[in-house]
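Novice: Chains as they are written, first to last, in this note's numbering: chain Y, -5 to 264; chain V, 25 to 225; chain R, 25 to 225. From the three backbone atoms N, C-alpha and C, an ideal C-beta is built for every residue, glycine too. In this text the structure is predicted, and so the values were computed from the model without any measurement.
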Amino acid sequence: MLPPVLTSCVAPFAIVQGTPIVEAPKGLYIPPNALKVLLTDFEGPLDLLSFLIRKNKFDILDIPVFEIAQQYQQYIDLMQQLDIELAGEYLFMAAWLTEIKSRMLLPKPPQEDEVPCEPDDPRAELMQKLLAYEAYQQGARWLDSLKIVGRDLWPIQLEVAPPTDVVANIDLDGLFLAMQQLLQRAAMRSVHQVCEEPIEITDKIDWVMQQLTDQPVSLWRLLVISEGKPGLVVTFIALLELWRQQLICLEQTEAYADILVRRAACVLRG
Amino acid sequence: MRFEGLTTTQQALYPVVTAWLLSAQQPLSETYMLRLLNSHQDFKKVKAPDLNAVLDVFQTCLAHSGVALVPSDAGYRVEVVKDYLDWVYSLFEQSPPKLSRALLETLAIMAHRQPVTRAEVEAIRGVSVSTQIMNQLKQHGWVKSAGVKQVPGHPTLWVTTDKLLQDLGLSSKERLIEQLDQQINHFLSDKQTQHSSNLIH
Amino acid sequence: MRFEGLTTTQQALYPVVTAWLLSAQQPLSETYMLRLLNSHQDFKKVKAPDLNAVLDVFQTCLAHSGVALVPSDAGYRVEVVKDYLDWVYSLFEQSPPKLSRALLETLAIMAHRQPVTRAEVEAIRGVSVSTQIMNQLKQHGWVKSAGVKQVPGHPTLWVTTDKLLQDLGLSSKERLIEQLDQQINHFLSDKQTQHSSNLIH
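What follows is the structure in structure tokens.
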């Protein structure tokens, strides 16, 4: 079944051999997943609205609110039918459109001649917002058109060790970036690896005990990213085993907080 | 053009300029290279045509290779050309990043309105900016925090970084803002014209 | 040897290999390059002589320039020729050198996992840590040895210094570790979201 919204649009939704097709041929089946992809592709209510305006070739500075509101509502209904989780912003926009609609229905107060009614236009704020948003979409398209390092090109920078008297700049951002690249590579590697070296639980237990001191250590520090999922599982089992043997203590101050691990000995001493 | 066709000075210039272009960490403009060269005894009299002759020969040498000497707004840079980017990424066990529309929109607003809070970006986009997008922008090293806004809640103010300018091949932050301004104003005036012509007809 | 003298396969190989050599941050061995090439459909049958022909042409192209293709035990690497190092340093005077990716990665692991041995860092990075990088880290005063690990061979254990904290503008080592932890958490939770959103579509 074709959702009503796709057949009721004025604009053709396809052009076949030069002929615009306004109504879908009967029996055409759009897989629900494809439709879902289309509908979840919107970057929020303003994006959906500007899509509708473009599709209908409306003037953004003179939006026919009644038609737009109706089409918008149809999309929202469709999204809800398909169980797409709707951000609150979408519903807020629906309410706003309804409000503008009702304000436009109110009789206009008698006006002094020749005074333009524009400032009182109930649509003014919405049109302003849409305009600003579309302008930035244009800005984004411009950014996208640039050749961007990493995506479109890779600058050549041969490594030259600096002379000893030169002080290098270092900042946390640089360190974070390096950490990020490392993690990405580790993630890629774990995908590529076909046969992995087994990680022995006894080795892991030894290693974990070496890492632990009297000071609590975050569980994260014990996880070796490059070992991938098997590594995580082995570490987890190793920790459970150590815990069972009462060699370590596990602490968590509140739900979802970091789990802290430490040697059990310090607890006895304390 | 071949190395043998260069003058003696140009031949002496060639290794210096090529070493620079291949090891510099940012694009090198002609002016910048000339200034640096002229400050040295041997190359006091070097002029733009000498530099250009050297650049020409270098370009010829790089022909057929996977890299090219590319001029941009910010200057000359040697870069891996797009066709071979995937090969370089395979060496680094990575894949080229994809930039989503949401990310580019957020970046455009941040660049144009900087310093700006996340809430201000959200007000323009009409939807919340996901933590994932913020993380991606930070991971690319394109935005950084620059203090907090002196309003209740003290939200972080975001600005773009020098790395963004380099990655986009732009010479300065002013240039970036100016270009975005142009794009935006162009768009707005287009809409205005369309609107007025609608009114007439 | 000229590009035109190469076979068709070798000509197709040329841009790939040159892009690799210029962008790799460590020496590339013949074996490694061949393995990477052979894993690709187009270059399944490429053998050592093909690679060598390509390297020869590249060497010729770099003649007279300020860089050279240098073979070593570890593999091939394009390096700035010693005579022109001072010229490259003059670039650094204007803008201090950025730290290499390899150095930052090594430092990030050392900071996060300290005390840690060099072998442990190598295990995480998946490549060896060069002596040059260790020397640079020590020279900057960012890492120091803190005894040896009680395992066969007694490898040195490395920790970060107060100078690193100062240079990063951090108050304590715990803060540094905590911040790196946060990065990892962000990454893992991003991966998770990406993964689950992939499942939806």
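Taking Cβ to Cβ, would you say residue 210 (chain Y) is nearer than 8 Å to residue 254 (chain Y)?
Specialist: yes
Novice: Is residue 143 (chain Y) close to chain V, meaning its C-beta is less than 8 Å from at least one C-beta of that chain?
Specialist: yes
Novice: Taking only three categories from DSSP, how would you classify residue 256 (chain Y)?
Specialist: strand
Novice: Under a Cβ-count criterion, where at least 16 other Cβ atoms within 10 Å of its own Cβ denotes burial, should residue 143 (chain R) be classed as buried or exposed?
Specialist: exposed
Novice: Which residue from V:130, V:98 and V:63 puts its Cα closest to that of residue 111 (chain R)?
Specialist: V:63
Novice: Between the beta-carbon of residue 105 (chain V) and the beta-carbon of residue 108 (chain R), is there less than 8 Å?
Specialist: Their beta carbons are not under 8 Å apart, which means residue 105 (chain V) does not touch residue 108 (chain R) by this criterion.
Novice: Mapping DSSP to helix, strand and coil, what is residue 132 (chain V)?
Specialist: helix
Novice: Suppose the cutoff is 6 Å on Cβ atoms and the five residues either side in sequence are ignored; what does the same chain contact list for residue 170 (chain V) look like?
Specialist: 139, 181 and 183
Novice: Counting only Cβ-Cβ distances shorter than 9 Å, please list the residues of the stretch 95 to 108 of chain V near chain Y, keeping chain order.
Specialist: 96, 101, 102, 103, 104, 105, 106 and 108
Novice: Could you tell me whether the stretch 30 to 50 of chain R touches the stretch 141 to 157 of chain Y, using the rule of 3 or more Cβ pairs below 8 Å?
Specialist: yes
Novice: Between Y:30, Y:133, Y:141 and Y:197, which has its C-alpha nearest residue 206 (chain V)'s C-alpha?
Specialist: Y:133
Novice: Once you ignore the five residues that flank residue 33 (chain V) on each side, which residues in its own chain have a CB closer than 7 Å to its CB?
Specialist: Around residue 33 (chain V): 70 and 74.
Novice: Taking residue 169 (chain Y) and residue 128 (chain R) to be in contact with their CB atoms under 8 Å, please state how far apart those CB atoms are, rounded to whole angstroms.
Specialist: 6 Å
Novice: Would you decide whether residue 68 (chain V) is buried or exposed? Buried here means 16 or more other CB atoms lie within 10 Å of its CB.
Specialist: exposed
Novice: Looking at the unbroken alpha helix (DSSP H) that takes in residue 48 (chain V), where does it start and where does it end?
Specialist: Per DSSP, residue 48 (chain V) belongs to no alpha helix (DSSP H) and is neither H nor E.
Novice: Look at residue 51 (chain R) and residue 125 (chain R) and say whether their C-beta atoms are less than 8 Å apart.
Specialist: no
Novice: For residue 31 (chain R), count the other beta carbons within 10 Å of its own beta carbon; 16 or more makes it buried, fewer makes it exposed. Which is it?
Specialist: exposed
Novice: From residue 92 (chain V) to residue 147 (chain Y), what does the alpha carbon distance come to, in whole angstroms?
Specialist: 10 Å
Novice: Put residue 58 (chain Y) into one of helix, strand or coil per three-state DSSP.
Specialist: coil
Novice: Which stretch, first to last residue, makes up the beta strand (DSSP E) that contains residue 242 (chain Y)?
Specialist: 242 to 245
Novice: Can you tell me whether DSSP reads residue 185 (chain V) as helix, strand or coil?
Specialist: coil
Novice: Within 8 Å of any Cβ in chain V, is that where the Cβ of residue 88 (chain R) sits?
Specialist: yes
Novice: Quick check on DSSP: helix, strand or coil for residue 202 (chain V)?
Specialist: helix
Novice: Under a CB-based cut-off of 8 Å, is residue 118 (chain V) close to chain Y?
Specialist: When Cβ-Cβ separations below 8 Å define contact, residue 118 (chain V) makes contact with chain Y.
Novice: Could you check the C-alpha separation between residue 131 (chain R) and residue 150 (chain R) for me, to the nearest Å?
Specialist: 15 Å
Novice: Should the stretch 162 to 179 of chain V be called in touch with the stretch 52 to 60 of chain Y, which here means at least 3 C-beta pairs below 8 Å?
Specialist: no
Novice: Classify residue 180 (chain V) as helix, strand or coil using the three-state DSSP reduction.
Specialist: For residue 180 (chain V), the three-state secondary structure derived from DSSP is strand.
Novice: If residue 232 (chain V) and residue 165 (chain V) are in contact, beta carbons under 8 Å, what's the gap, nearest whole angstrom?
Specialist: This structure cannot speak to residue 232 (chain V), because chain V is shown only from 25 to 225.
Novice: Secondary structure at residue 87 (chain V), three-state DSSP: helix, strand or coil?
Specialist: Of the three classes helix, strand and coil, the one that applies to residue 87 (chain V) here is coil, per DSSP.
Novice: Report the option in V:26, V:90 and V:103 whose CA atom is closest to the CA atom of residue 82 (chain V).
Specialist: V:26
Novice: Determine the DSSP secondary structure at residue 167 (chain R), reduced to helix, strand or coil.
Specialist: strand
Novice: Residues of chain Y with a CB under 8 Å from the CB of residue 150 (chain R): which are they?
Specialist: 179, 180, 183 and 220
Novice: Distance check for residue 94 (chain V) and residue 85 (chain V), CA to CA, integer angstroms please.
Specialist: 14 Å
Novice: Which residue comes first and which comes last in the alpha helix (DSSP H) that contains residue 117 (chain R)?
Specialist: 109 to 118
Novice: Of all the residues that make up the stretch 42 to 56 of chain Y, which are near chain V by a beta-carbon distance shorter than 9 Å?
Specialist: 43, 53, 54, 55 and 56
Novice: Using only CA atoms, which one of R:203, R:201, R:163 and R:35 lies nearest to residue 123 (chain R)?
Specialist: Closest by alpha carbon: R:163.
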